[in-house]
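Colleague: Before I ask anything, here is the structure I am working with.
Number of protein chains: 2
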Amino acid sequence: MTSISIIGSGNMATAIGTRAVKHGHTVEFMSRTTAKAQALADGIGNGATVGAYGSRPAGDIVVLAVLYAGAVDVVAHYGDALAGKIVVDITNPFNANGDGLATSPGNSVAQQIAAKAPEGAHVVKAFNTIYGGVLAQDKPMDAFFAADSTEAKARVAAFLESLDMRALDAGDLGMAHALEWAGLLLVGVSRNGAGFETALGAAVL
Amino acid sequence: MTSISIIGSGNMATAIGTRAVKHGHTVEFMSRTTAKAQALADGIGNGATVGAYGSRPAGDIVVLAVLYAGAVDVVAHYGDALAGKIVVDITNPFNANGDGLATSPGNSVAQQIAAKAPEGAHVVKAFNTIYGGVLAQDKPMDAFFAADSTEAKARVAAFLESLDMRALDAGDLGMAHALEWAGLLLVGVSRNGAGFETALGAAVL
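Just so you know, the sequences run in chain order E and L. Just so we're aligned: the first sequence equals residues 1 to 205 in the working numbering. Just so we're aligned: the second sequence equals residues 1001 to 1205 in the working numbering.
In structure tokens:
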């Protein structure tokens, strides 16, 4: 059982929190609007709690479930409160047209966050190739992740596996940009016939 | 049954040709070294033929099974011989370190090829998220593709489905860059535990 904190109160925060408590994890929600975090914790139950936005998260794994444009600012706002934490970036930095990314190689959101995160924090990219609605259904699925820290990788992989997901290590944090493109690929196939009840994966043949 | 031409004589040319003849397609091989194309056609049998490198391909679908660095030059060399053809770009433009791409958004190999291809040729990106060794095993698997032409998409999708692959339309040719990143993602997960007997896909849940 892991203690996780989720910053955010939207679709993905709800989906990850819902799936996490189903599998026995302790979840804390933190939102700029405390009432939203409270409503989310109340709705999910199973001992979900609320933490003050910007204070030190209770969880060792902190899922940053905010929109990409605000992600770096949130990390800057938390500052040293994230020291020693595993910060999970789940964002998809799609450009305004939805036909490309707002990031570039070496400058993925995950890498921007890593540059802003305090000493001892480890950034992991994950969950960005999974729709919230699919995640919440709690079916087995593949989950890609990328990070530099071996220990953080192992912790996040164990967390993903505990959620009945096959954790697929894509490599170091530089590969976060490949995962950001994979997020766009998922939307592409969904829009062009595959539908939105789908998740990217890597089938073993 | 489709008549396809494959330019190249390497691993992917062999795998695509092998799978195509197994499913009843007519295959022509073209290589800068004619002896290599002949050896390949002889090895595959099933009526596989050899065409002169640079002459008009017999197939309506022309698979460009060459390394990315030479792909645009090959298309330029063929020139008007490719008029009206569906040109399939299968390349993975990995950079020298293997940790990123040599291409950029809007400038994928597929788009570079489209810029060089003659009037009436349609470029489709496909097969680049599949290892030759896996393809040759002839198991069912997912196959992403991207193209601008609706008709070319339909033709390539039908070809892929005939090979017992689930054709997943990623969108227009701009999405070829997302597929190039997906090629790198495949290698990333393979190197980091998933192994090389794997193929990217989009599971319907």
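We treat Cβ as the ideally placed atom computed from N, Cα and C, and that holds for glycine.
#1: For Asp-164 (chain E), which option in E:Lys-22, E:Ser-9, E:Val-187 has the closest C-alpha, if you only look at C-alpha atoms?
#2: Let me know the alpha helix (DSSP H) ranges lying completely inside the region 108-165 of chain E, each 4 residues or longer, listed in chain order.
#3: Under a CB-based cut-off of 8 angstroms, is Gly-1188 (chain L) close to chain E?
#4: Along the alpha helix (DSSP H) that carries Val-189 (chain E), what are the first and last residues, could you check?
#5: When we look at the beta-carbon of Glu-151 (chain E) and count the other beta-carbons within 10 Å, is it buried (16 or more) or exposed?
#6: Helix or strand or just coil, what does DSSP make of Ile-1090 (chain L)?
#7: Quick one, which of L:Leu-1173, L:Ala-1158, L:Arg-1056 has its alpha-carbon nearest His-1077 (chain L)'s?
#8: Considering only DSSP beta bridges, list what Val-1074 (chain L) is partnered with.
#9: Check each residue of the region 54-75 of chain E: if its Cβ is closer than 8 angstroms to any Cβ of chain L, include it; give the result in chain order.
#10: Within 10 angstroms of its Cβ, does Asp-89 (chain E) collect 16 or more other Cβ (buried), or is it exposed?
#11: Please state the DSSP three-state secondary structure of Gly-51 (chain E).
#12: Please state if the CB of Asp-1099 (chain L) and the CB of Gly-174 (chain E) are separated by a distance shorter than 8 angstroms.
#13: With DSSP as the reference, label Val-1204 (chain L) as helix, strand or coil.
#14: Identify the continuous beta strand (DSSP E) that holds Leu-1064 (chain L) and give its terminal residues.
#15: Can a CB atom of chain E be found closer than 8 angstroms to the CB of Glu-1161 (chain L)?
#16: Per DSSP, Leu-1173 (chain L) is paired with what?
#17: At a Cβ cut of 9 angstroms, what residues of the region 125-146 of chain E count as close to chain L, listed as they run along the chain?
#18: Determine, for Asn-1107 (chain L), whether the minimum Cβ-Cβ distance to residues of chain E falls below 8 angstroms.
#19: Just verifying my parser: in three-state terms, what is the DSSP assignment at Thr-1026 (chain L)?
#20: So Val-75 (chain E) packs on Val-63 (chain E), CB below 8 angstroms; how close in whole Å?
#21: For Ala-1202 (chain L), which residues of its own chain have a beta-carbon under 7 angstroms away from its beta-carbon, when the five flanking residues on both sides are left out?
#22: Shortest alpha-carbon distance to Phe-145 (chain E) belongs to which of E:Ala-176, E:Gly-120, E:Pro-118?
#23: Regarding Ala-96 (chain E) and the ligand GDP, is the C-beta to nearest heavy atom distance less than 7 angstroms?
#24: Hey, could you find the ends of the alpha helix (DSSP H) Asp-1042 (chain L) is sitting in?
#25: Which partner residues of Thr-1198 (chain L) appear in the DSSP bridge assignment?
#26: Chain E partners of Ala-1170 (chain L), CB-CB under 7 angstroms?
#27: Going along chain E in order, which residues have a C-beta closer than 7 angstroms to the C-beta of Thr-1198 (chain L)?
#28: Answer yes or no: does any C-beta atom of chain L fall closer than 8 angstroms to that of Ala-182 (chain E)?
Modeller: Based on what the coordinates show:
#1: Counted from its first residue, the first sequence places residue 164 (chain E) at position 164. Among E:Lys-22, E:Ser-9, E:Val-187, the Cα nearest to that of Asp-164 (chain E) belongs to E:Lys-22.
#2: 109-116, 132-136, 150-162
#3: Position 188 of the second sequence holds residue 1188 (chain L). Judged by the 8 angstroms Cβ criterion, Gly-1188 (chain L) is in contact with chain E.
#4: In the first sequence, residue 189 (chain E) corresponds to position 189, counting from 1. Here the alpha helix (DSSP H) through Val-189 (chain E) covers 176-189.
#5: On the first sequence, residue 151 (chain E) is found 151 positions in, with the first residue counted as 1. Counting Cβ neighbours within 10 Å, Glu-151 (chain E) comes out exposed, since fewer than 16 surround it.
#6: Numbered from 1 along the second sequence, position 90 holds the residue referred to as residue 1090 (chain L). In this structure, Ile-1090 (chain L) counts as coil in the three-state DSSP scheme.
#7: Along the second sequence, one-based indexing puts residue 1077 (chain L) at 77. Of the listed residues, the one whose Cα sits closest to His-1077 (chain L) is L:Arg-1056.
#8: Working through the second sequence from its first residue, we reach residue 1074 (chain L) at position 74. Looking at the DSSP assignment, Val-1074 (chain L) forms no beta bridge with any residue, so it has no partner.
#9: none
#10: The residue labelled residue 89 (chain E) in the question sits at position 89 within the first sequence. So Asp-89 (chain E) ends up on the buried side.
#11: Stepping through the first sequence from its first residue, residue 51 (chain E) is reached at position 51. The answer is coil: DSSP assigns Gly-51 (chain E) none of H, G, I, E or B.
#12: The sequence position of residue 174 (chain E) within the first sequence is 174, counting from 1. The sequence position of residue 1099 (chain L) within the second sequence is 99, counting from 1. Against a cut-off of 8 angstroms, the Cβ pair of Asp-1099 (chain L) and Gly-174 (chain E) comes out as a contact.
#13: Within the second sequence, residue 1204 (chain L) is the residue found at index 204, counting from 1. Residue state, collapsed to three classes: strand.
#14: In the second sequence, residue 1064 (chain L) corresponds to position 64, counting from 1. Run containing Leu-1064 (chain L): 1061-1064, per the beta strand (DSSP E) assignment.
#15: As a working note, residue 1161 (chain L) is residue 161 in the second sequence. With 8 angstroms as the cut-off, Glu-1161 (chain L) does not count as an interface residue toward chain E.
#16: The residue given as residue 1173 (chain L) occupies position 173 in the second sequence. Paired residue(s): none; Leu-1173 (chain L) is not in a bridge.
#17: Val-134, Gln-137, Lys-139, Pro-140, Met-141, Asp-142, Phe-144, Ala-146
#18: Start at 1 with the first residue of the second sequence, and residue 1107 (chain L) comes out as number 107. No, no contact with chain E.
#19: Start at 1 with the first residue of the second sequence, and residue 1026 (chain L) comes out as number 26. Reduced to three states, the DSSP call for Thr-1026 (chain L) is strand.
#20: Numbered from its first residue, the first sequence carries residue 75 (chain E) at position 75. Numbered from its first residue, the first sequence carries residue 63 (chain E) at position 63. So it is not a contact: roughly 12 angstroms between Cβ atoms.
#21: Reading the second sequence from its first residue, position 202 is the one you call residue 1202 (chain L). Cβ neighbours of Ala-1202 (chain L) beyond the five flanking positions: Asp-1142, Leu-1168.
#22: Your numbering for residue 145 (chain E) matches position 145 in the first sequence. Closest by alpha carbon: E:Ala-176.
#23: The ligand content of the structure shown is nil, which means the ligand GDP is not present either.
#24: As a position in the second sequence, residue 1042 (chain L) is number 42, starting the count at 1. First-last of the alpha helix (DSSP H) with Asp-1042 (chain L): 1034-1044.
#25: Counting from 1 along the second sequence, the entry for residue 1198 (chain L) is found at position 198. Bridge partners of Thr-1198 (chain L): E:Val-204.
#26: Translated into the one-based positions of the second sequence, residue 1170 (chain L) becomes position 170. Within 7 angstroms Cβ-Cβ: Leu-185, Gly-188, Val-189, Asn-192.
#27: To locate residue 1198 (chain L), count along the second sequence from 1; it is residue 198. Those within 7 angstroms of Thr-1198 (chain L) in chain E are Ala-202, Ala-203, Val-204, Leu-205.
#28: In the first sequence, the residue the question calls residue 182 (chain E) occupies position 182. Yes, Ala-182 (chain E) lies at the interface with chain L (some Cβ there is under 8 angstroms from its Cβ).
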